[in-house]
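Asks: Dropping the structure in here first, questions after.
Number of protein chains: 2
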Amino acid sequence: MHKQIILVDDHVLLRDALATLINSFPEFNVLSVASNGIDVIKAIEEGNIPDIVVLDLNMPKMDGFETAAWLKNNHPDIKVVILTMYDSEIALIRLLQAGVRGFLKKDIHPMELKNALIAVAENGYYYSHQATGKLGTLFKKNNDAGNSIERAFLTDIEIDFIKNACSEMTYKEIALKMSLTPRTIDNYRDSLFDKLNVKSRVGLAIYAVKNGVVTF
Amino acid sequence: MHKQIILVDDHVLLRDALATLINSFPEFNVLSVASNGIDVIKAIEEGNIPDIVVLDLNMPKMDGFETAAWLKNNHPDIKVVILTMYDSEIALIRLLQAGVRGFLKKDIHPMELKNALIAVAENGYYYSHQATGKLGTLFKKNNDAGNSIERAFLTDIEIDFIKNACSEMTYKEIALKMSLTPRTIDNYRDSLFDKLNVKSRVGLAIYAVKNGVVTF
DNA sequence: TGAAAACTCAGGTTTTTTCCTGTGCAACAA
DNA sequence: TTGTTGCACAGGAAAAAACCTGAGTTTTCA
Numbered sequence: 008m009h010k011q012i013i014l015v016d017d018h019v020l021l022r023d024a025l026a027t028l029i030n031s032f033p034e035f036n037v038l039s040v041a042s043n044g045i046d047v048i049k050a051i052e053e054g055n056i057p058d059i060v061v062l063d064l065n066m067p068k069m070d071g072f073e074t075a076a077w078l079k080n081n082h083p084d085i086k087v088v089i090l091t092m093y094d095s096e097i098a099l100i101r102l103l104q105a106g107v108r109g110f111l112k113k114d115i116h117p118m119e120l121k122n123a124l125i126a127v128a129e130n131g132y133y134y135s136h137q138a139t140g141k142l143g144t145l146f147k148k149n150n151d152a153g154n155s156i157e158r159a160f161l162t163d164i165e166i167d168f169i170k171n172a173c174s175e176m177t178y179k180e181i182a183l184k185m186s187l188t189p190r191t192i193d194n195y196r197d198s199l200f201d202k203l204n205v206k207s208r209v210g211l212a213i214y215a216v217k218n219g220v221v222t223f
Numbered sequence: 008m009h010k011q012i013i014l015v016d017d018h019v020l021l022r023d024a025l026a027t028l029i030n031s032f033p034e035f036n037v038l039s040v041a042s043n044g045i046d047v048i049k050a051i052e053e054g055n056i057p058d059i060v061v062l063d064l065n066m067p068k069m070d071g072f073e074t075a076a077w078l079k080n081n082h083p084d085i086k087v088v089i090l091t092m093y094d095s096e097i098a099l100i101r102l103l104q105a106g107v108r109g110f111l112k113k114d115i116h117p118m119e120l121k122n123a124l125i126a127v128a129e130n131g132y133y134y135s136h137q138a139t140g141k142l143g144t145l146f147k148k149n150n151d152a153g154n155s156i157e158r159a160f161l162t163d164i165e166i167d168f169i170k171n172a173c174s175e176m177t178y179k180e181i182a183l184k185m186s187l188t189p190r191t192i193d194n195y196r197d198s199l200f201d202k203l204n205v206k207s208r209v210g211l212a213i214y215a216v217k218n219g220v221v222t223f
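As you go down the protein sequences, you meet chains A and B in turn.
For the first sequence, this note's numbering assigns the number 8 to the initial residue and increments by one for each residue that follows.
For the second sequence, this note's numbering assigns the number 8 to the initial residue and increments by one for each residue that follows.
What follows is the structure in structure tokens.
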């Protein structure tokens, strides 16, 4: 065995600590580490082909989504495991479509990381119980509402709006900044309240923080 | 040398990874790890006396503040280093008073962790440039306003209010829950807006998240 | 190609938030 | 004692947020 792993996280301390931990697993070896998607691509194009890439979602420059998509298109044989702080129910399906093989939260036990890596290396897939649970409720929610799965996603504009809503701007100012009418902003807000099941702008901001839509 | 360290963090993965990393430093050895302050006390009372305790701030049961205070009172010879996600300017002075020897953010480079541990072990103190910078502006802010240092802190009620403000409750509902009049709630809000330099409830919530007043 | 969905915009109303200027009381220090 | 400070509370007003119903235009896709 001795599967090769590339570790991608912009938190250097956590990343290097994880690298040391993973290297202590006899089955795995950390081939290299990176701070963002661009560095991963660079490493891979230089010939460092790993078996598994362990990806953080929130990174500057090129985040987990983009990196997962690039890997799927250019190296479909490389398996991708997501390791994130947030229980991003929004992110899950999008990641599934990007061909991600595993989804883990950062508050797991080290043994679960090891098990997940082994499962992905051998069987090809690993989803934590938490993740599968989320998926279940997510599908259920959409079926109940009679919506298609696509509705569960956030569009780029919605994400942009949410980020702006997590500030001290009024909706009028947000409208100006986004080159939209306040009325349109109203609609984005209302549909997001409905879609994300929140009741106020603060609730929306909290949701955004919890799910890693915004980071600080 | 070979200083003994106890590592305290409720994120098991990060904690164990850090333990592996620190054990790779020839100067240090991880004596034991813990998920909260209570477990640290247990370990120490069982005779595992470390040279340094590396503490996360936000933990269930007994957080970094309480644990640091207990250590200062019961084992003043043990040095305390804080390792946190947040640049808690609120927390800094409080921690200084609790006799904390070092303050680090989790997004540092592993080498800075090593240097910090060495500095604390040898000289007794280490504060990152970020932290000292924060301290400077904090002192400056208070001098400018002609306030005493104490004013920089948040009272228990203020923290309670902030936590409630980071929800979908209206102020009326918060007032009910806190057994205060809506008018009084208004005053807490206004004085916090002024004290923390924010302009809206969303701004307050964002501040709270950034500084670890609330966690998710 | 026709129906469904997404995107943009509108008027009007109610509720909530934010801001303003005040009062009374208790604790505490000069 | 007096003056400062913290704390709880008040009325009123302006701004913002939230909620309602509606409609035209484009995109998507079956």
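For glycine and all other residues, C-beta sits at the position ideal for the given N, C-alpha and C.
#1: Which of the three DSSP states is assigned to residue 110 of chain A in this structure?
#2: What does DSSP give as the partner residues of residue 133 of chain B in its beta bridges?
#3: Taking residue 114 of chain A and residue 18 of chain B to be in contact with their CB atoms under 8 angstroms, please state how far apart those CB atoms are, rounded to whole angstroms.
#4: Rounded to whole angstroms, what's the CA-CA distance from residue 106 of chain A to residue 75 of chain B? Just pull it up for me.
#5: Rounded to whole angstroms, how far is the Cβ of residue 15 of chain A from the Cβ of residue 61 of chain A, which I believe are closer than 8 angstroms?
#6: Taking just the CA atoms, how far does residue 109 of chain B sit from residue 93 of chain A?
#7: Go ahead and label residue 181 of chain A buried or exposed: buried means 16 or more other beta carbons lie within 10 angstroms of its beta carbon, across all protein chains shown.
#8: Distance check for residue 38 of chain A and residue 59 of chain A, CA to CA, integer angstroms please.
#9: Quick check on residue 68 of chain B: does DSSP put it in helix, strand or coil?
#10: Could you give the distance in angstroms between the alpha-carbon of residue 46 of chain B and the alpha-carbon of residue 118 of chain A?
#11: Taking all protein chains shown into account, decide if residue 164 of chain A is buried (16 or more other Cβ within 10 angstroms of its Cβ) or exposed.
#12: Suppose contacts are defined by Cβ-Cβ distances below 8 angstroms. Is residue 86 of chain A in contact with residue 40 of chain A by that definition?
#13: Do we get a CB-CB distance below 8 angstroms when we pair residue 110 of chain A with the residues of chain B?
#14: Let me make sure I understand the geometry here. Which of B/44, B/198, B/174 and B/120 has the alpha-carbon closest to that of residue 71 of chain B?
#15: Using the beta-carbon count (16 or more within 10 Å), is residue 131 of chain A buried or exposed?
#16: Identify which residue in B/26, B/205, B/172 and B/202 has its Cα closest to the Cα of residue 189 of chain B.
#17: Do the stretch 19-32 of chain B and the stretch 210-220 of chain A touch if we need at least three Cβ pairs shorter than 8 angstroms?
#18: Are the C-beta of residue 208 of chain A and some C-beta of chain B separated by less than 8 angstroms?
#19: Under the three-state reduction of DSSP, which class applies to residue 10 of chain A: helix, strand or coil?
Replies: In this structure, then:
#1: Strand at residue 110 of chain A.
#2: BP columns for residue 133 of chain B point to B/109.
#3: Residue 114 of chain A to residue 18 of chain B, Cβ: 5 angstroms. Contact.
#4: Straight-line Cα distance between these residues: approximately 45 angstroms.
#5: Correct: roughly 7 angstroms between the Cβ atoms.
#6: Those two C-alpha atoms are separated by around 28 angstroms.
#7: With 16 or more other Cβ atoms within 10 Å, it is buried.
#8: Going by the C-alpha atoms only, they are around 10 angstroms apart.
#9: DSSP places residue 68 of chain B outside both helix and strand once states are collapsed to three, so it counts as coil.
#10: In this structure, the alpha-carbon of residue 46 of chain B lies about 21 angstroms from that of residue 118 of chain A.
#11: That one is exposed.
#12: No, the pair does not count as a contact, with Cβ atoms beyond the cut-off.
#13: For residue 110 of chain A, the answer is no, since every Cβ of chain B falls outside 8 angstroms of its Cβ.
#14: The candidate whose alpha carbon is nearest that of residue 71 of chain B is B/44.
#15: The residue in question, residue 131 of chain A, is exposed, as its Cβ has fewer than 16 Cβ neighbours within 10 Å.
#16: When each option's Cα is compared against that of residue 189 of chain B, the closest is B/172.
#17: Note that the stretch 19-32 of chain B does not touch the stretch 210-220 of chain A; fewer than 3 beta-carbon pairs, one per stretch, sit closer than 8 angstroms.
#18: Chain B, which has a Cβ nearer than 8 angstroms to the Cβ of residue 208 of chain A, makes this yes.
#19: Annotated three-state conformation of residue 10 of chain A is strand, per DSSP.
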